[in-house]
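What follows is one structure encoded as C-alpha cells, with my remarks underneath.
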Amino acid sequence: MKSILYDDDALVLAEAQAMVSLHQQEADYLSLIAELNWSSGEEEVSEDSVSEDGVFIEINKLQKNSRRIRSKISINASLDTVWKILIDYEKLADFIPSLAVSKLIDKKDNFAHLYQTGQQNLAFGLKFNAKAILDCYERDLQAFTSGKKRDIEFKMTEGDFQCFEGKWCIEQFTKPKTEDSLGQEFETTLSHLVDVKPKVWLPAHLIEGRICKEIKSNLTCIREEAQKVIGDALQDQ
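Sequential numbering of the sequence shown, starting at 51, is according to the working numbering.
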C-alpha cells in the first residue's frame with residue numbers, strides 16, 4: 051500500500067512539474083514574440099487603414115506593446131438620437147453582441163461609473179474575456195458654424211488591460227440647402243478612438259485584429275439601433 055501511494059504521489063508531482071514547464075514555455079514564447087515585435091519603443095506610422103461597410107478604421111502602433119485605434123461611421127440620425135443611445139449604458143449589452151455585461155455602478159451629472167465585460171475569440175482557439183471598470187465623462191455640447199459635436203471620454207480604472215482609454219465623438223454637420231434638398235438637412239458621424247495596452251504576457255498583435263472587428267461591429271450596431279429608434283418614432287406618429 052505504501053509503495054502504491056508513493057507512486058501516485060510521484061505521478062502527481064511529475065504532472066505538476068510538466069504543467070509548470072509548459073506554462074513557462076508559453077510565457078517564454080510570448081515574451082520572445084514581444085521582444086521581436088516591440089524592440090524599437092518608438093511610435094510608428096499608421097499600420098493599417100480599412101474602410102468596409104461604411105466603417106473606417108485606422109491602427110497606429112505605439113510604444114511598449116500599445117495600439118491606438120481610430121474609427122468612424124456615418125449615421126442617418128441626429129446627434130441627440132445617437133447621444134441618448136450611448137449614454138443608456140445598461141442597454142448597450144442588449145444590442146452589442148460582444149458586450150456581455152454593462153452595469154451602471156454610479157451616475158452623476160455628466161459622469162458614469164461602469165462595469166463591463168466582454169468576450170473575444172483570439173487566434174489558436176483562445177478566448178479572451180475582458181473585464182473593466184470605466185469612468186465616463188460626458189462633455190458639454192459644443193456648437194460651431196457648420197454644426198455641433200459632443201464627446202464621451204472614458205478611462206479604465208481597473209480591469210484586464212494595462213491601459214484602455216479614449217473617447218466617443220458625435221459630430222452633426224449642417225448640409226447646404228439646395229433646390230433638391232428633401233427631408234434631412236444634416237449629416238452625423240460617430241467617431242471612436244481608443245488606446246489599448248494589454249497585459250505584459252499578451253502581445254497586442256494577437257488581439258488587435260479581433261478588437262478592430264469588435265469596434266466595427268459596435269459601430270454598425272449603434273447605427274442600426276439609431277435607425278430602429280427613428281423607425282419606431284415614425285410609427286408612433
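All C-beta atoms in this analysis are idealised placements derived from N, C-alpha and C, irrespective of residue type, glycine included. On a predicted model such as this, the values are computed, not experimentally measured, just so you know.
Taking the alpha-carbon of Asn126 as reference, which of Arg273, Leu284 and Asp282 has the nearest alpha-carbon? As a first step, residue 126 must be located in the sequence shown, where it is residue number 76. If we check each option's Cα against that of Asn126, Arg273 comes out closest.
Cβ neighbour criterion (16 or more within 10 Å) applied to Ala254: Against the sequence shown, residue 254 aligns to sequence position 204. The residue is buried, with at least 16 neighbouring Cβ atoms inside 10 Å.
For Asn288, which of Ser128, Val132, Arg117 and Lys114 has the nearest alpha-carbon? The chain is shown only over 51 to 287; residue 288 falls outside these bounds and no answer can be derived.
Is Val132 helix, strand or coil by DSSP? What you label residue 132 is simply residue 82 of the sequence shown in a count that begins at 1. Reduced to three states, the DSSP call for Val132 is helix.
Helix, strand or coil for Asp156, going by three-state DSSP, please let me know. For the purposes of this step, residue 156 is taken as the residue at position 106 of the sequence shown. If DSSP states are grouped into helix, strand and coil, Asp156 belongs with the strands.
Give me, in chain order, the residues of the same chain whose beta-carbon lies closer than 6 Å to that of Glu203; leave out the 5 immediate sequence neighbours on both sides. By 1-based counting over the sequence shown, the position of residue 203 is 153. If we look at Glu203 and ignore the five residues flanking it on each side, its Cβ neighbours are Tyr187 and Lys217.
Return the chain-ordered list of same chain residues with a C-beta closer than 7 Å to the C-beta of Ala276, the five sequence neighbours on each side being excluded. Position 226 of the sequence shown, counting from 1, holds the residue named residue 276. Within the same chain, Ala276 has close Cβ partners Ile125, Ala127, Thr131, Val132 and Ile135.
Spatially closest choice to Asn115 from Phe145, Leu142, Phe214 and Asp144, by CA coordinates: Indexing the sequence shown from 1 puts residue 115 at position 65. Checked all of Phe145, Leu142, Phe214 and Asp144; the closest Cα to Asn115 is Phe214.
Nonlocal neighbours in the same chain, by C-beta distance under 7 Å from Leu154, ignoring five residues either side: To locate residue 154, count along the sequence shown from 1; it is residue 104. Taken in chain order, the residues that qualify are Tyr139, Glu140, Ala162 and Leu164.
Excluding the 5 residues preceding and the 5 following Pro201 in the sequence, name in chain order all residues of the same chain whose CB lies nearer than 7 Å to its CB. Against the sequence shown, residue 201 aligns to sequence position 151. Pro is not the amino acid found at residue 201; the sequence shown has Asp there. Result list for Asp201: Arg189, Lys217, Trp218 and Cys219, in chain order.
What are the boundary residues of the beta strand (DSSP E) that Glu237 is part of? In the sequence shown, residue 237 corresponds to position 187, counting from 1. Glu237 -> beta strand (DSSP E) spans Phe236 to Pro248.
Would Lys225 be called buried (16 or more neighbouring beta carbons within 10 Å of its own) or exposed? The residue given as residue 225 occupies position 175 in the sequence shown. By the neighbour-count rule (16 or more Cβ atoms within 10 Å), Lys225 is not buried but exposed.
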